[in-house]
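J.: Starting off with a structure, shown below.
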Amino acid sequence: MSSIERLQPHIDILERVEKYQHKAEFNRFLLILTIAGFVAIIGGWISYIFNRFVGVDPTFFIFGATGDPNLAPDKEPILFLSVWLVYLVPILSAMTFSTGSTGIINWNKAYKRIGILAFFLFLLAHVIIVLMGVTNSKLIPIVWGTLVCVGFIVSSRLLFLETNNSKVRTGLIVIGVIALILGLLVAIIVSVELAQLLFCSILGVILSFSGIISYYTVGRLPSKN
Numbered sequence: 751m752s753s754i755e756r757l758q759p760h761i762d763i764l765e766r767v768e769k770y771q772h773k774a775e776f777n778r779f780l781l782i783l784t785i786a787g788f789v790a791i792i793g794g795w796i797s798y799i800f801n802r803f804v805g806v807d808p809t810f811f812i813f814g815a816t817g818d819p820n821l822a823p824d825k826e827p828i829l830f831l832s833v834w835l836v837y838l839v840p841i842l843s844a845m846t847f848s849t850g851s852t853g854i855i856n857w858n859k860a861y862k863r864i865g866i867l868a869f870f871l872f873l874l875a876h877v878i879i880v881l882m883g884v885t886n887s888k889l890i891p892i893v894w895g896t897l898v899c900v901g902f903i904v905s906s907r908l909l910f911l912e913t914n915n916s917k918v919r920t921g922l923i924v925i926g927v928i929a930l931i932l933g934l935l936v937a938i939i940v941s942v943e944l945a946q947l948l949f950c951s952i953l954g955v956i957l958s959f960s961g962i963i964s965y966y967t968v969g970r971l972p973s974k975n
């Protein structure tokens, strides 16, 4: 028996381990994509509820602007603090993605950078929206669509440098472009109350279904046999 033949079983084991790790990494990416979709849908509904019942987008509300004087922060402090807590969730999530390194969630360098990017873009979006003012609230989907597009394109580059997975890169670029087009269309066609709900819901469904379908088609871990 040659040395190559003796080493072949070990080579096979290493190949299986490498394949398993590659699939596990891809599944982690799909999990983040799916969670992001659900967060987008929830964010859309929060925006709709505020536009419908408070009369202003939650971004303006946290800075004290309300459509109804009876719902001003000094009149409804519990509601005001609740909105701040809701807004802190994505920020804390981004920070977690940037620093987490325990258990099954072992974020690599790319995910840490994406977490920081998400945190920065989230804050930037709200700064831009507030600077635009309430009268330009119909343009909010354009702001989110543009920044989501930037975020996904930059993330695609970061993940490609880390994993060398061209399919992930292409998929993220496509989703980013869809977000930009969707933001433009929604801002032009839909009313202010429904704009953010429609934008976030459609984008959220795309993200969630992309993650779920990709898992069942290519992302499942290989058999141990």
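Residues 751 to 975 (the working numbering) make up the sequence shown, in order.
Where a beta carbon is used, it is the ideal one built from N, C-alpha and C, also for glycine.
On the three-state DSSP scale, how would you describe F869?
T.: Walking along the sequence shown from the start, residue 869 turns up at place 119. Here F869 sits in helix by DSSP.
J.: On the CB-based measure, 16 or more other CB atoms within 10 Å of its CB, does P759 come out buried or exposed?
T.: On the sequence shown, position 9 is the one that residue 759 refers to. When all chains shown are included, P759 counts as exposed.
J.: N915 by DSSP, collapsed to three states: which one?
T.: Start at 1 with the first residue of the sequence shown, and residue 915 comes out as number 165. The answer is coil: DSSP assigns N915 none of H, G, I, E or B.
J.: Would you call the CB atoms of L932 and L953 closer than 8 angstroms?
T.: For this step, residue 932 is matched to residue 182 along the sequence shown. For this step, residue 953 is matched to residue 203 along the sequence shown. Closer than 8 angstroms, so yes.
J.: So, for T809: in the same chain, excluding its five sequence neighbours on each side, which residues have a beta-carbon less than 6 angstroms away from its beta-carbon?
T.: Taking the first residue of the sequence shown as 1, we reach residue 809 at position 59. If we look at T809 and ignore the five residues flanking it on each side, its Cβ neighbours are H876 and I879.
J.: Specify whether the segment 955-966 and the segment 777-786 touch according to this definition: at least 3 beta carbon pairs, one from each stretch, less than 8 angstroms apart.
T.: Touching, yes.
J.: Could you work out which residue in Y965, T913 and A790 is closest to K859 when comparing CA atoms only?
T.: Indexing the sequence shown from 1 puts residue 859 at position 109. Closest option to K859, Cα to Cα, is T913.
J.: Would you say T885 faces chain C, with C-beta separation under 8 angstroms as the test?
T.: Included in the structure is just one protein chain, with no chain C present.
J.: Starting from G961, trace the alpha helix (DSSP H) both ways and give me its first and last residue.
T.: If you number the sequence shown from 1, residue 961 lands on position 211. Where G961 is concerned, the enclosing alpha helix (DSSP H) stretches over V942 to S964.
J.: My understanding is that G926 touches V955, with C-beta atoms under 8 angstroms, so please give their C-beta distance in whole angstroms.
T.: Start at 1 with the first residue of the sequence shown, and residue 926 comes out as number 176. Start at 1 with the first residue of the sequence shown, and residue 955 comes out as number 205. Going by Cβ atoms, the distance from G926 to V955 rounds to 16 angstroms, so no, they are not a contact pair.
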